[in-house]
Amino acid sequence: MNQTIQTQADWPTARKNILDFSHFYLVGIKGVAMTSLAQCLLDAGKTVRGSDVAESFVTQPLLKKRGLVEHIDTSFSQPLPKDTQCVVYTSAHGAQHNPQVEAAKSAGIPVFTQAEAIASMANTKKIIAVCGVGGKSTVSAMITWILTQLEMNISYSVGVGDIPGLPATGRWSDESEYFVVEADEYVTEPQEARNGQHHVPRFAYLNPTIIVCTNLQFDHPDVYTDFEHTKQTYTRFLKKAQNNTGYLVINGDDSALVSLAENISVPKTTFGTTQSNEWVI
Numbered sequence: 003m004n005q006t007i008q009t010q011a012d013w014p015t016a017r018k019n020i021l022d023f024s025h026f027y028l029v030g031i032k033g034v035a036m037t038s039l040a041q042c043l044l045d046a047g048k049t050v051r052g053s054d055v056a057e058s059f060v061t062q063p064l065l066k067k068r069g070l071v072e073h074i075d076t077s078f079s080q081p082l083p084k085d086t087q088c089v090v091y092t093s094a095h096g097a098q099h100n101p102q103v104e105a106a107k108s109a110g111i112p113v114f115t116q117a118e119a120i121a122s123m124a125n126t127k128k129i130i131a132v133c134g135v136g137g138k139s140t141v142s143a144m145i146t147w148i149l150t151q152l153e154m155n156i157s158y159s160v161g162v163g164d165i166p167g168l169p170a171t172g173r174w175s176d177e178s179e180y181f182v183v184e185a186d187e188y189v190t191e192p193q194e195a196r197n198g199q200h201h202v203p204r205f206a207y208l209n210p211t212i213i214v215c216t217n218l219q220f221d222h223p224d225v226y227t228d229f230e231h232t233k234q235t236y237t238r239f240l241k242k243a244q245n246n247t248g249y250l251v252i253n254g255d256d257s258a259l260v261s262l263a264e265n266i267s268v269p270k271t272t273f274g275t276t277q278s279n280e281w282v283i
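For the sequence shown, this note's numbering gives the first residue as 3, with consecutive numbering after it.
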């Protein structure tokens, strides 16, 4: 237990902005988070190709609409396109040990996790980050839809198969002020975390201004030792709002979350079903 907690002492920062590259290869491109990233990169005028398993995913219509389906390698063994400048991978398909990821490293091609990649884009804007052990995708999609209905020019990345009423699950605009992003507490390298190494949560790379937290529970027992470990990780993430003179929106019915947020020195508002909340459902 102590080893795992200690290894999260120094969270890394997102590296150079991936928008400095032009040609991308996404290993595991059919995943909801990767498909969202692919749409953002295409909006930014980048070339995107990738690999994944042959079976059809919920993201298939989005990938087909953006002309990406025909560029997917289903073997993970084809050589990377010669013009590849950046490879992005997820925790699936062998993660950093995937043959194409290892080939990129051997060739000196920059390699990013999906969490690093989306954070390097989002951190150039004011981030609205939605975290919580449950409800992240739904609430991120709701916020994205609402702000779009208000005709705000926003960028966003939501890890779902589709957002009803919107044409995409990922969008990038150079002119947008805000970036709505799903902030996931799961780790970027699960196998290493299980071995007591590299316990870096996926949301560690984000520098949010506004944080929405839906709830706190003990989850991911493969990488978190207990609820206390989970709370330590969330405390550190919520405190990031302090660095940006930010704001917290929290579920006031969740006593563990309310107690944790008391130590975060930023303005807060609460929502829930009880009358003690500022916004009552």
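Beta carbons are placed, not taken as given, at the ideal position from N, Cα and C, and that holds for glycine.
Q: Helix, strand or coil for H73, going by three-state DSSP, please let me know.
A: By one-based count along the sequence shown, residue 73 stands at place 71. If DSSP states are grouped into helix, strand and coil, H73 belongs with the helices.
Q. Which whole-angstrom value describes the C-beta separation of L39 and I120, a residue pair presumed to lie in contact below a C-beta threshold of 8 Å?
A. Sequence index remark: in the sequence shown, residue 39 carries index 37 (1-based). Sequence index remark: in the sequence shown, residue 120 carries index 118 (1-based). Indeed, because the Cβ distance is near 5 Å, the residues count as touching under 8 Å.
(Q) For L43 and M36, which I take to be in contact (beta-carbon distance under 8 Å), what is that distance rounded to the nearest angstrom? (A) As a first step, residue 43 is located in the sequence shown; it is residue number 41 there, counting from the start. As a first step, residue 36 is located in the sequence shown; it is residue number 34 there, counting from the start. Contact doesn't hold; Cβ gap of about 10 Å is too wide.
Q. Under three-state DSSP, which class holds S278?
A. Position 276 of the sequence shown, counted from the start, is the residue given in the question as residue 278. If DSSP states are grouped into helix, strand and coil, S278 belongs with coil.
**Q.** Distance, A56 Cα to T235 Cα
**A.** Within the sequence shown, the letter at position 233 stands for residue 235. Within the sequence shown, the letter at position 54 stands for residue 56. C-alpha separation (whole angstroms): 36 Å.
Q) Anyone know if the C-beta pair for C88 and V60 falls short of 9 Å? A) Start at 1 with the first residue of the sequence shown, and residue 88 comes out as number 86. Start at 1 with the first residue of the sequence shown, and residue 60 comes out as number 58. No, the pair does not count as a contact, with Cβ atoms beyond the cut-off.
Q) Are the beta-carbon atoms of R173 and D22 separated by less than 9 Å? A) Against the sequence shown, residue 173 aligns to sequence position 171. Against the sequence shown, residue 22 aligns to sequence position 20. No, the Cβ-Cβ distance between R173 and D22 is not below 9 Å.
Q. Which residues share a DSSP beta bridge with S53?
A. Taking the first residue of the sequence shown as position 1, residue 53 is located at position 51. S53 is bridged to V29, D75.
Q. Which residue from L208, N279, L240 puts its Cα closest to that of A117?
A. For this step, residue 117 is matched to residue 115 along the sequence shown. Ranking L208, N279, L240 by Cα distance to A117 puts L208 first.
Q.
In whole angstroms, give me the CA-to-CA distance for A109 and N217.
A. Here residue 109 refers to the residue found at position 107 when the sequence shown is read from its first residue. Here residue 217 refers to the residue found at position 215 when the sequence shown is read from its first residue. If I take the Cα positions, the gap works out to 43 Å.
Q. Expressed to the nearest angstrom, what Euclidean distance is found between the alpha-carbon atoms of G30 and L82?
A. Looking up residue 30 in the sequence shown gives position 28. Looking up residue 82 in the sequence shown gives position 80. The alpha-carbon atoms of G30 and L82 are separated by roughly 14 Å.
**Q.** Distance between Q62 and S53 (C-alpha atoms, nearest Å)
**A.** Position 51 of the sequence shown, counted from the first residue, corresponds to residue 53. Position 60 of the sequence shown, counted from the first residue, corresponds to residue 62. So the two alpha carbons sit approximately 13 Å from each other.
**Q.** Buried versus exposed call for Q5 [16 or more other C-beta atoms within 10 Å across all chains shown]
**A.** As a working mapping, residue 5 is identified with position 3 in the sequence shown. Confidence at Q5 is low in this model, with a pLDDT of 36, below 50, so its placement is unreliable and no value can be given for it.
Q: Could you say which of M144, I213, L250 lies nearest to F162 if we only look at CA atoms?
A: For the purposes of this step, residue 162 is identified with residue 160 of the sequence shown, where counting begins at 1. Inspection of the sequence shows that residue 162 is occupied by Val rather than by Phe. Here the closest residue by C-alpha is M144.
(Q) According to DSSP, E184 sits in a beta bridge with which residue or residues? (A) The residue you call residue 184 lines up with position 182 of the sequence shown. Answer by DSSP bridge pairing, in chain order: V132.
Q. If we call anything under 9 Å between Cβ atoms a contact, is I252 one with C215?
A. To locate residue 252, count along the sequence shown from 1; it is residue 250. To locate residue 215, count along the sequence shown from 1; it is residue 213. Yes, the Cβ-Cβ distance between I252 and C215 is below 9 Å.
Q: Note down, in chain order, each residue of its chain lying with its Cβ closer than 6 Å to the Cβ of A170, except the 5 sequence neighbours on either side.
A: Here residue 170 refers to the residue found at position 168 of the sequence shown. Answer for A170: Q41, listed in chain order.
Q.
For L240, tell me which candidate among Q151, A185, Q98 has the shortest Cα-Cα distance.
A. As a working note, residue 240 is residue 238 in the sequence shown. With distances taken between Cα atoms, L240 lies closest to A185.
Q. If you check the beta carbons only, do L152 and I212 fall under 9 Å apart?
A. Locating residue 152 in the sequence shown gives position 150, where the first residue counts as 1. Locating residue 212 in the sequence shown gives position 210, where the first residue counts as 1. Not closer than 9 Å, so no.
**Q.** Beta-bridge partners of P203, as assigned by DSSP
**A.** By one-based count along the sequence shown, residue 203 stands at place 201. For P203, which the question treats as bridged, DSSP gives the partners V189.
Q. When burial is assigned at 16 or more other CB atoms within 10 Å of the CB, is M3 buried or exposed?
A. Working through the sequence shown from its first residue, we reach residue 3 at position 1. For M3, the predicted model reports a pLDDT of 35, less than 50, meaning its position is unreliable and no value from the coordinates is stated.
Q: Classify N100 as helix, strand or coil using the three-state DSSP reduction.
A: As a working note, residue 100 is residue 98 in the sequence shown. Three-state DSSP puts N100 in coil, outside helix and strand.
Q: Identify whether K286 lies in helix, strand or coil by the three-state DSSP scheme.
A: Residue numbering for the chain in the displayed model covers 3 to 283; residue 286 lies beyond these limits and cannot be assessed.
Q: Return helix, strand or coil for T9, following the three-state DSSP convention.
A: If you number the sequence shown from 1, residue 9 lands on position 7. Residue placement at T9 cannot be trusted, given a pLDDT of 42 that sits under 50; what the coordinates show is reported in the next sentence. Here T9 sits in coil by DSSP.
(Q) Closest to G69 by C-alpha separation, out of S77, Q80, V50, S79, would be which residue? (A) Here residue 69 refers to the residue found at position 67 when the sequence shown is read from its first residue. For G69, the nearest C-alpha among the options comes from V50.
Q) How is L240 classed by DSSP in three states: helix, strand or coil? A) Reading the sequence shown from its first residue, position 238 is the one you call residue 240. It is helical.
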